[in-house]
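Asker: Our numbering runs 1087 ahead of the 1-based position in the sequence shown.
A virtual CB, placed ideally from N, CA and C, is assigned to each residue, including glycine.
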Amino acid sequence: MANDTLNQSEIDRLLGGGGGSSLDMAVSGRRQPTPQHEVQRYDFRRPHRISKERLRTIEAMYERMVKNLESYLMSRVRGQIEVRLQSVEQFSFGEFTLSLPTPCCSYITDINGKNGLQGVIDFGSDFAFFLVDRLFGGGSAPTMMDRPLTALEQDAVRLVADRAASIVRDVWAEVMPIELAISGFEASPEILQVCAREDPVLVANIEISATNVSSLLMICLPFASLEEYFTSADTRRVSSTARSVEELRTQRRQTEKSVRSTTVAVAARLPDFRLTMKDLGSLAVGSMINTGLSAQSLLSLTVAGQPRLVARAGRSGGKLAACVTDGRISDNRIIGSINNADVEPT
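Structure (structure tokens):
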């Protein structure tokens, strides 16, 4: 017969949340059965189709895709932008549409010609309006609006969607041929009907960060369009470093091109001169001011409000011009020397 009295150590273990077979035996007088295998849930309607090895291959492919997309975006928006792969996951198409905001900015893509398969490239609304602002020449913080894109705005953002589809096609080409072509636009997630709601889809979540903007770009491809890859016997490894040197060179060229095409404000500043209060009080529209400066006086060229170069005033093709005569201005003492140079006494 089992002893119903617990000793002090067993009481302490019981109060402290401890347990185990020895305590169970002390309480019940018999050994409790222990499970031999861990039980896992399995969804027969939606089985998980991506093995760990294939998932690593797909992630390497999309890592290259985001680098190429980042280089392209930097050249188009004329500013710093960061693109990062957040995750690659399997969802049902219904779950994907539920994750989209209303209104959304989703471009429908036809896959592999006329076999009826379609995918979705969705731009976050904040990023879409950021692109519209930059593509139309804006440079300040864009105004975010809670409305669908107009037809003109859709055409502007479609340029980036076409490029994204082209890059996706190129990275998938290493494991299987796939063709993507933008065929439509939809602003309401409920109306998206590219496949059945229960169909499995592969979704790449790409985080995009720019000036005052952080948003997601989602690329949704149905598993039916990738069947050739997931049913193939062998898994070809995708090297994420095979073209790293060439990619770095391409990115550098794109960055240099973006920097060189950026416009900055440049101004030419005359040396200081003095006026009497009488002359200052008599100034009116059309008055001529006698500066007392020589026509060969040096000018200070400012770039974005900062003095950088020394120049002389002149003409080029009938327009005012400034001829740089000296190197960079290093401090205010040089500016002072400009102010005191070539001043004719009045």
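1) Can you look up residue 1195 in the DSSP assignment and give me helix, strand or coil?
2) What is the DSSP secondary structure of residue 1349, counted as helix, strand or coil?
3) Measure the beta-carbon distance from residue 1252 to residue 1208 and round it to whole angstroms, keeping in mind my assumption that it falls under 8 Å.
4) Figure out for me which residue from 1295, 1402 and 1385 has the closest Cα to the Cα of residue 1358.
5) In whole angstroms, what separates the C-alpha of residue 1285 from that of residue 1216?
6) Give the straight-line distance between the Cα atoms of residue 1247 and residue 1350, rounded to the nearest whole angstrom.
7) Which whole-angstrom value describes the C-beta separation of residue 1222 and residue 1243, a residue pair presumed to lie in contact below a C-beta threshold of 8 Å?
8) Using 8 Å as the threshold, is the stretch 1155 to 1174 in touch with the stretch 1289 to 1300, meaning 3 or more CB pairs across them?
9) Can you list, in chain order, the residues of its chain with a C-beta nearer than 7 Å to that of residue 1327? Leave out the 5 residues immediately preceding and following it.
10) Here's the rule: buried if 16 or more other CB atoms are within 10 angstroms of the residue's CB, otherwise exposed. What is residue 1365?
11) Check residue 1372 in the structure and name its three-state DSSP category.
12) Contact check, residue 1409 vs residue 1352 under 8 Å by CB: the rounded distance?
13) Here's the rule I'm using: 16 or more other beta-carbon atoms within 10 Å means buried, otherwise exposed. How should residue 1155 be labelled?
14) Which residues in the same chain as residue 1308 place their Cβ atom closer than 6 Å to its Cβ, once the five residues preceding and following it in sequence are excluded?
15) What does the alpha-carbon distance come out to for the pair residue 1421 and residue 1398?
16) Measuring straight from C-alpha to C-alpha, what distance separates residue 1325 and residue 1411?
17) Going by other Cβ atoms of all chains shown within 10 Å of its Cβ, with 16 needed for buried, is residue 1390 buried or exposed?
18) Quick check on residue 1220: buried or exposed, where buried means 16 or more other Cβ atoms within 10 Å of its Cβ?
19) Using only the heavy atoms of the ligand GTP, determine whether one of them is closer than 7 Å to the beta carbon of residue 1167.
20) From 1100, 1316, 1276 and 1180, pick the residue whose C-alpha is nearest to that of residue 1187; which is it?
21) I'd like the span of the beta strand (DSSP E) that includes residue 1293, first residue to last.
22) By a C-beta neighbour count over all protein chains shown, 10 Å radius and 16 as the cutoff for buried, is residue 1376 buried or exposed?
23) In whole angstroms, what is the alpha-carbon distance linking residue 1256 and residue 1153?
24) Pull the bridge partners of residue 1436 from the DSSP assignment, please.
25) Based on DSSP bridge pairs, tell me the residues matched to residue 1306.
26) With distance defined between alpha-carbon atoms, name the residue in 1095, 1102, 1137 and 1101 nearest to residue 1316.
27) Should residue 1267 and residue 1168 be called a contact, given that it needs their Cβ atoms to be closer than 8 Å?
28) How close, in whole Å, do the beta carbons of residue 1342 and residue 1166 come, if the pair is a contact with beta carbons under 8 Å?
29) Could you tell me how far apart the beta carbons of residue 1337 and residue 1158 are, in whole angstroms, since I believe they sit closer than 8 Å?
30) In this structure, how does DSSP classify residue 1180 when only helix, strand and coil are distinguished?
31) Going by Cα to Cα distance, which pick from 1383, 1241, 1396 and 1393 is closest to residue 1402?
32) Please state whether DSSP places residue 1213 in a helix, a strand or coil.
33) Note down the Cα distance separating residue 1347 from residue 1372, rounded to an integer number of angstroms.
34) Identify whether residue 1363 lies in helix, strand or coil by the three-state DSSP scheme.
35) Check each candidate in 1245, 1368 and 1314 and name the one with the smallest Cα separation from residue 1262.
36) List the whole-angstrom C-beta distance separating residue 1193 from residue 1140, where the pair is believed to meet the contact cut-off of C-beta under 8 Å.
Answerer: According to the structure data:
1) strand
2) coil
3) 6 Å
4) 1385
5) 31 Å
6) 22 Å
7) 5 Å
8) yes
9) With a pLDDT of only 43 at residue 1327, under the threshold of 50, the placement of this residue in the model should not be trusted, and no figure is reported.
10) exposed
11) coil
12) Rounded, the Cβ-Cβ distance is 14 Å, inconsistent with contact.
13) buried
14) 1206 and 1289
15) Because residue 1421 sits at a pLDDT of 43, beneath the cut-off of 50, its placement in the model cannot be relied upon, and the following sentence gives the value as read from the coordinates. Cα-Cα distance, rounded: 13 Å.
16) Here the model assigns residue 1325 a pLDDT of 45, short of 50, so the residue's position is not dependable and the matter cannot be decided.
17) exposed
18) buried
19) The ligand GTP is absent from the structure shown, which contains no ligands of any kind.
20) 1276
21) 1287 to 1297
22) exposed
23) 13 Å
24) Lying before the first or after the last residue shown, residue 1436 is absent from the chain, which here runs from 1088 to 1433.
25) 1208 and 1291
26) 1137
27) no
28) Actually they do not touch by this definition, with Cβ atoms about 11 Å apart.
29) 6 Å
30) helix
31) 1383
32) helix
33) 40 Å
34) coil
35) 1314
36) Not a contact, Cβ separation roughly 31 Å.
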